[in-house]
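Chains as they are written, first to last, in this note's numbering: chain H, 1 to 527; chain U, 1 to 216; chain B, 1 to 192. Cβ coordinates follow ideal geometry from the N, Cα and C atoms, glycine included.
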Amino acid sequence: MIECPECGATNKPESRFCGECGQPLGVPKGVTCPMCETPHAPGITVCTECGARLIPEGVSPSEVPLEPRVPGEVADAPEEGETPGAAEADRGESEEIEEDVAGEEQVKGETMPPWLRKLEVAPGEEVAEQDEDDLERGELPDWLEVPPDFEEMLGEAGVTSEEEEVARADVPAWLEALRPEGVEDVAEISGGHSPAEVTGLLKGIGGTLGIEPILAIPPRAVPVEPGTPSSAAYERADLLRSVIREPARPGIEVSDRSGVEKLAASSVRWMTFLVLAVAVVVPILLGSDWSESNMPTGAGTQGMYDAIDGLPQGAMVLVSFDYDPGVAGEMVPQARVVLSHLMGRGARLLSVSLTPEGARLSRRVLEEVADDYGYRYGEDYLSLGYVVGVEAGPRSIVERIRTPDWSDFVGAGEDLALIVEFAGDPQYLRLWLEQVQGPYGLPMVAGVSATVDPFARPYYLNRAQRQLLGLMTGLVGAAEYERISGEAGPALASMDSQSVAHIALILLILVGNLAYFGNSLRGRLGA
Amino acid sequence: MSETLAVWIAAILTLMVYSYLIGDNPLYRLAQHLFVGSSVGYAAVVVIHNVLRPRLFEPLLDDASGNWPYFLPLLLGLLLLAKARGTAAWLGNSSVAFLFGVGAALAIGGALFGSFLPQMQASWVSVLPDTAGGRVAAANNILLAVGTIGTLSYFYFTMGVRKGPGTGLLTFSSTVGKWVLLITFGAIFGNRVMAYVSLLIERIYFLLGDWLGLLG
Amino acid sequence: MLVDFFFDEVHINALGGFFVESAVIVVAFALLLGLLNVLVVHMRRISRREGGWFYSIALIAMAVLVVIAGISGPDAWAVTWIFDHIQFPLQAATFSLLAFFVATAAYRGLRIRSLEAVAFVVAAVVVLIGQVPVGRYVGDFVPALKDWILNVPATAGVRGIIIGVALGTIATGVRVLMGFDRPYGRGGDGAK
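Rendered as structure tokens:
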């Protein structure tokens, strides 16, 4: 990735202009082949066009990675499992492993840079041992010693020795006195004293400090006794080697289930789907209506019915449709039967919704039922539309309604007689309860989806506070309401299907458990 | 068979969704994307027309000088939209802060007066047969109270166990709570099943009745 | 706002009312932001040809279509038509799918492996059978048992949950207002 020098944005390597600011990017540095003049990215050592070398011999381009040593060309390459000898002590274990890893693959000789190749020892040759072992302490090795005719060599090379360019300092008299006569042959040193200086101002003077041998000769690495690794260490080394040598595996393989098993699993799935579908469809097709005569009624639904039935003629009721098409299957029958009841009682309705879809869904139901009862929009019922489904929403609705002169619909000093809430989700019910019913103390009833029922019950059962006067649950609740009000509708007609489906599901639970226990029993008997 | 195009379209879309029973497939995916697109568009339309227009645009357009306070929410709202662009997102921080402030206050008030206190009071019910309305009711009230306390102590016990006096009572109480919660979740599950079955029934009525016309 | 809750004074009421109105407006903008985000994500997917970008085209096309149709308002004929015959069936069908998966869960997932599972399964079965008319046909005790389960243990459990959640809400709200929690970005002005 290339960073733009103007704006700093990152760009793809081959870009020539910055994608963000449009400034031209410099052509990335690289090497142009001297033969065929093809540009190359940095790091390439051989021209891809003509094969010429792009970098001079002996120079190591920093990008070229180290190649592993070619096995077999290195002397004393240990065979697997052989005891590493003292000669290999200097080479780290990592090198050994590298060789072994590369052992399977042949590394081409030409990929190795020349300077590295020089370091390789041809097989059979012994590694030249250093002369260092023979040195006494204090002696300089040959290549470090200054040759006696050093100055002549300098003169021949045309390099003037340093002291002529430096201002000659005055050598103090007492030091001069130390200088022996015949200063030319200082190679012969008197006595066993420290050697005299051979060049420079102090030429010939002995007794000066010699080059401290410790500084001159780099300390030789003390060879570490390899010792004998324990057998446990060998095992671990072997284990490590075998782990590294294993080819990469793609990952844990999922055990392939046998074809029969797969068929069995998917057929179970299909069976359950089929059972449910049949349980739902058959009663509908048969048009059975057993439930219509045998529908029990629950206390919650009865409470809701009573609350609405007790409304005075022309009471103002706020109806909130807080559900979405997902649960409409349950809620629309509820809304329909309750609205019928409300309109039958002559209540004036204000409809609102905390969900965007609820506004449309409510309109559909309202218009449908209003036609039956001759309700006129604007006079008998009004739609306030959608308000956001957070705490502020219900609050703002009620505050609006109570604002004087807000609308002709609300009479002077008139307040809401009842709040009817259709909740598809517990949060909407909670919003109305917490933001409106609690603070303003208004009577409230709710029809909820069956998923909401467990969360609504505590409010309904709150006898002390009378938070909910009635609670209607799901399609079953709608059927109960239809039964109580004597108006048979789609909810009641669905009850047979619902009953059969429930029974089917209970059977599925039973059969599932039997199968499970049967299997485990069989397993235990077989073991 | 229905003659209406609309019914046919609705039926085909329903079946496309049901194709998921066979497995994830392009038809189902297409149906889901259409649904999301439609609901996004619809929600936008409703929000703009039912909330913003009557509550913001109209007051400002009608009487900008008299309704000047409305410029504040307008400004906050526009700043909030800046959060769509990562670089300018910081502009919307004040709006979020405002929302959190109002929301937190309303939530606190609501939770306190609408849920917490009433429910606590409801739990503080009579355990005497006379005032409760019968022996059964009294027994139930006791069970209710014990169950509620048990549930609360179950959460407390699992969240942060503290060694101390009365640990035995706490353990007993949280065990009670555990069993109460098991029954609660079983009941929740049963209700859910009921809800989903009802939804399926409604769709089947549509397919068999409105679309295929098989029902009388 | 909190002051408004506790006191009933005209000016505070008015200010509180204004804040509530403003919050409604700003939340509306927040919703728009969320919708915008969905569109941006899918447009990006189309431009980058990421997996499934073809479906994203359908999504964006649908959204644009609805918005254009709804320029005059959500009661426009085109918008209601799309809602009634496209969005409604799609959403209703998606949720009704869950019934099938609940069926497989009933078969496979409700294995009674422990005593605790017994309590769970028994409660679920009683509710299932008790809610429908067939339950009463089996015996009057069935709906009664269902009612008891829903009214006593389930209510106790949910009440405990509600109280716990209410306490948490109060605590979090106080924390936000006091500035201990800053969910709205660094260096915010602090909610007032």
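Taking V132 (chain B) as part of the beta strand (DSSP E), name the residues at either end of that continuous run. Taking the third sequence and counting its residues from 1, one reaches residue 132 (chain B) at position 132. Segment: none, V132 (chain B) is in no beta strand (DSSP E) and carries neither H nor E.
Please list, in chain order, the chain U residues whose beta carbon lies closer than 7 angstroms to that of S47 (chain B). Counting from one through the third sequence, the residue named residue 47 (chain B) turns up at place 47. Within 7 angstroms Cβ-Cβ: nothing; S47 (chain B) doesn't reach chain U, min ~16 angstroms.
Using a Cβ-Cβ cut-off of 8 angstroms, state whether V317 (chain H) counts as contacting chain U. Looking up residue 317 (chain H) in the first sequence gives position 317. Chain U contact via Cβ: absent.
Between the Cα of Y156 (chain U) and the Cα atoms of B:L167, B:I149 and B:L15, which residue gives the shortest distance? In the second sequence, the residue the question calls residue 156 (chain U) occupies position 156. Comparing alpha carbon positions, the residue from B:L167, B:I149 and B:L15 closest to Y156 (chain U) is B:L167.
Can the beta-carbon of A491 (chain H) be found closer than 8 angstroms to that of P333 (chain H)? Counted from its first residue, the first sequence places residue 491 (chain H) at position 491. Counted from its first residue, the first sequence places residue 333 (chain H) at position 333. In this structure, A491 (chain H) sits near P333 (chain H), with a CB-CB distance shorter than 8 angstroms.
So if I threshold CB-CB distances at 8 angstroms, which residues from the stretch 434–448 of chain H count as touching chain U? E434, Q435, Q437, G438 and P439
Helix, strand or coil: how does DSSP classify F101 (chain B) here? Sequence index remark: in the third sequence, residue 101 (chain B) carries index 101 (1-based). In this structure, F101 (chain B) counts as helix in the three-state DSSP scheme.
Among residues of its own chain, excluding the 5 on either side of E79 (chain H), which ones have a beta-carbon nearer than 8 angstroms to its beta-carbon? Taking the first residue of the first sequence as 1, we reach residue 79 (chain H) at position 79. Confidence in E79 (chain H) is poor, its pLDDT being 41 and thus under 50, which makes the residue's placement unreliable; the coordinate value appears in the next sentence. Excluding sequence neighbours, E79 (chain H) sits near nothing in its chain.
Comparing C-alpha positions only, which one of B:F120, B:L32, B:F54 and B:W148 sits nearest to I48 (chain U)? What you label residue 48 (chain U) is simply residue 48 of the second sequence in a count that begins at 1. It is B:L32 whose Cα lies nearest to the Cα of I48 (chain U).
Could you tell me whether any Cβ in chain H is nearer than 8 angstroms to the Cβ of E21 (chain B)? Here the question's residue 21 (chain B) lines up with position 21 in the third sequence. Chain H, which has a Cβ nearer than 8 angstroms to the Cβ of E21 (chain B), makes this yes.
For S353 (chain H), name the three-state secondary structure that DSSP assigns. In the first sequence, residue 353 (chain H) corresponds to position 353, counting from 1. Here S353 (chain H) sits in strand by DSSP.
Terminal residues of the continuous alpha helix (DSSP H) containing T14 (chain U)? For this step, residue 14 (chain U) is matched to residue 14 along the second sequence. Element bounds for T14 (chain U): L5 to Y18.
Please confirm whether A493 (chain H) and V275 (chain H) have their CB atoms less than 8 angstroms apart. Mapped onto the first sequence, residue 493 (chain H) falls at position 493. Mapped onto the first sequence, residue 275 (chain H) falls at position 275. No, the Cβ-Cβ distance between A493 (chain H) and V275 (chain H) is not below 8 angstroms.
Answer with yes or no whether the minimum CB distance from N67 (chain U) to chain B is below 8 angstroms. Taking the first residue of the second sequence as 1, we reach residue 67 (chain U) at position 67. No, N67 (chain U) lies away from the interface with chain B (no Cβ there is under 8 angstroms from its Cβ).
Can a CB atom of chain H be found closer than 8 angstroms to the CB of V176 (chain U)? Position 176 of the second sequence holds residue 176 (chain U). No, V176 (chain U) does not count as interfacial toward chain H.
Beta strand (DSSP E) containing Y375 (chain H): first to last residue? Along the first sequence, one-based indexing puts residue 375 (chain H) at 375. First-last for Y375 (chain H): undefined, no H or E at that position.
Evaluate W211 (chain U) with the Cβ neighbour count: other Cβ atoms within 10 Å of its Cβ, from every protein chain shown; 16 or more gives buried, anything less gives exposed. Locating residue 211 (chain U) in the second sequence gives position 211, where the first residue counts as 1. W211 (chain U) is buried by the Cβ-count criterion.
List, from N- to C-terminal side, the beta strand (DSSP E) runs of 3 residues or more that fit wholly inside the stretch 376–407 of chain H. Correct list: 381–386.
Segment limits, alpha helix (DSSP H) that includes F83 (chain B): The residue you call residue 83 (chain B) lines up with position 83 of the third sequence. Segment: none, F83 (chain B) is in no alpha helix (DSSP H) and carries neither H nor E.
Inter-residue Cα distance where the pair is L27 (chain U) and M16 (chain U): To locate residue 27 (chain U), count along the second sequence from 1; it is residue 27. To locate residue 16 (chain U), count along the second sequence from 1; it is residue 16. Going by the C-alpha atoms only, they are around 6 angstroms apart.
Counting beta carbon pairs with one atom in the stretch 15–24 of chain H and one in the stretch 36–49 of chain H, are three or more of them shorter than 8 angstroms? no
DSSP state of A232 (chain H) mapped onto helix, strand, coil: Your numbering for residue 232 (chain H) matches position 232 in the first sequence. Looking at A232 (chain H) - three-state DSSP - the assignment turns out to be helix.
Rounded to whole angstroms, what is the Cα-Cα separation between R44 (chain B) and W90 (chain U)? Stepping through the third sequence from its first residue, residue 44 (chain B) is reached at position 44. Stepping through the second sequence from its first residue, residue 90 (chain U) is reached at position 90. Taking the straight line from one Cα to the other gives about 22 angstroms.
Any Cβ of chain B within less than 8 angstroms of the Cβ of A104 (chain U)? Within the second sequence, numbered from 1, the residue matching residue 104 (chain U) stands at position 104. So yes, A104 (chain U) belongs to the interface.
DSSP-derived helix/strand/coil call for S449 (chain H): Locating residue 449 (chain H) in the first sequence gives position 449, counting from the first residue. In the three-state reduction of the DSSP assignment, S449 (chain H) falls in the coil class.
Reference M343 (chain H), options H:M331, H:V327 and H:E367, closest by Cα: For this step, residue 343 (chain H) is matched to residue 343 along the first sequence. The shortest C-alpha separation from M343 (chain H) is found at H:E367.
Could you tell me the alpha carbon to alpha carbon distance between T272 (chain H) and V500 (chain H), rounded to whole angstroms? Taking the first residue of the first sequence as position 1, residue 272 (chain H) is located at position 272. Taking the first residue of the first sequence as position 1, residue 500 (chain H) is located at position 500. Cα atoms of T272 (chain H) and V500 (chain H): separation of roughly 14 angstroms, rounded to the nearest angstrom.
For the beta strand (DSSP E) that V54 (chain B) lies in, which residues bound it at each end? Within the third sequence, numbered from 1, the residue matching residue 54 (chain B) stands at position 54. For the sequence presented, residue 54 (chain B) should be read as Phe rather than Val. Looking at the DSSP string, F54 (chain B) is not in any beta strand (DSSP E); the run it does join, the alpha helix (DSSP H), is W53 to A69.
Within 10 angstroms of its Cβ, does I509 (chain H) collect 16 or more other Cβ (buried), or is it exposed? Here residue 509 (chain H) corresponds to residue number 509 of the first sequence, with the count starting at 1. Buried: at least 16 other Cβ atoms inside 10 Å.
With burial defined as no fewer than 16 other Cβ atoms inside 10 Å of the residue's Cβ, what is the status of L528 (chain H): buried or exposed? Past the edges of chain H, shown from 1 to 527, lies residue 528 (chain H), and the structure says nothing about it.
May I ask you to list, following chain order, the residues of the stretch 63–88 of chain B that have a beta carbon less than 9 angstroms from some beta carbon of chain U? A63, V64, L65, V66, V67, I68, A69, G70, I71, S72, G73, P74, D75, A76, V79, W81, I82, F83, D84, H85, I86, Q87 and F88
Per-residue DSSP class, three states only, for S320 (chain H): Here residue 320 (chain H) refers to the residue found at position 320 when the first sequence is read from its first residue. Strand.
Per DSSP, what kind of secondary structure is V410 (chain H) in: helix, strand or coil? Against the first sequence, residue 410 (chain H) aligns to sequence position 410. V410 (chain H) falls in the coil class under three-state DSSP.
For chain H, is any of its Cβ atoms less than 8 angstroms away from the one on P118 (chain U)? Position 118 of the second sequence, counted from the start, is the residue given in the question as residue 118 (chain U). It does; some Cβ of chain H falls within 8 angstroms.
Does the pairing of the stretch 311–327 of chain H with the stretch 337–353 of chain H give three or more beta-carbon distances under 8 angstroms? Yes: at least three Cβ pairs fall under 8 angstroms.
Less than 6 angstroms between C-beta atoms, sequence neighbours within five positions excluded: which residues of the same chain meet that for S95 (chain U)? Indexing the second sequence from 1 puts residue 95 (chain U) at position 95. For S95 (chain U), where only same-chain residues beyond five positions count, the Cβ hits under 6 angstroms are L76, L79 and L80.
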